[in-house]
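Comments concern the structure below.
And the structure:
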């Protein structure tokens with residue numbers, strides 16, 4: 360599990376660099392597909408994609424480290440170590456569930472109740488969600504508004 364953290368980091372870094380290089384190329388060079396205002400919108404969508412990738416990856420890597428801490432074992436680790444968010448923030452937690460889609464850890468209490476703990480900062484989750492929504496809207500605008508091509512006979 361510990362090997363997934365650097366792999367995820369390198370993959371996220373590669374995606375962020377790809378999106379930023381692509382945005383730079385679209386904004387400065389352009390081509391026949393990206394002309395006029397569509398070039399600016401496409402570059403903005405790529406920058407939003409880079410921000411969304413970076414923030415989501417930051418949260419996912421934080422959750423992976425939470426899982427790594429829980430699986431570390433050793434003395435005083437039943438049901439999980441002292442520095443696990445479920446044990447350090449809640450009393451009576453007997454299990455946990457990591458939700459990578461929503462970037463949060465949910466602790467299972469003794470009575471079966473499920474409580475979410477803030478192990479990923481809310482600003483990281485909000486930045487990821489807003490950037491993905493911004494990317495979807497801008498990409499939708501760029502692809503639905505096609506440039507007019509004149510046909511010469």
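Residue numbers (the working numbering): 360 to 512. We put the CB at the ideal spot given by N, CA and C, even for glycine.
Applying the 10 Å Cβ sphere with the 16-neighbour rule, what's the burial state of residue 463? buried
For residue 368, collect the residues of the same chain with a Cβ closer than 8 Å to its Cβ; drop the 5 residues on either side in sequence, then sort them by chain order. 416 and 420
Buried or exposed (CB count within 10 angstroms, at least 16 for buried), residue 373: exposed
By the three-class DSSP mapping on this structure, what secondary structure does residue 453 have? strand
Sub-8 Å separation of residue 515 and residue 501 beta-carbons: Lying outside 360 to 512, the shown extent of the chain, residue 515 is not represented and no answer is given.
Per-residue DSSP class, three states only, for residue 465: strand
Using the DSSP secondary-structure output, state which residues sit across from residue 458 in a beta bridge. 463
Which of helix, strand or coil does DSSP assign to residue 473? strand
Given a cut-off of 8 Å on the beta-carbon distance, is the pair residue 402 and residue 498 in contact? no
Hey, is the stretch 423 to 431 in contact with the stretch 376 to 390, meaning 3+ C-beta pairs nearer than 8 Å? no
Just confirm the distance between the C-beta atoms of residue 414 and residue 492, as a whole number of angstroms; I'd bet it's less than 8 Å. Incorrect: roughly 12 Å between the Cβ atoms, too far for contact.
Express the C-alpha separation of residue 454 and residue 536 in angstroms, rounding to a whole number. Not covered by the structure: residue 536. The range shown for the chain is 360 to 512.
Run the CB neighbour count on residue 427, radius 10 Å, all protein chains shown included, and call it buried at 16 or more, exposed below. exposed
Going by the CB atoms, is the gap between residue 494 and residue 407 shorter than 8 Å? yes
Which same chain residues, not among the five before or five after residue 448, have their C-beta less than 6 Å away from its C-beta? 476
For residue 496, count the other beta carbons within 10 Å of its own beta carbon; 16 or more makes it buried, fewer makes it exposed. Which is it? exposed
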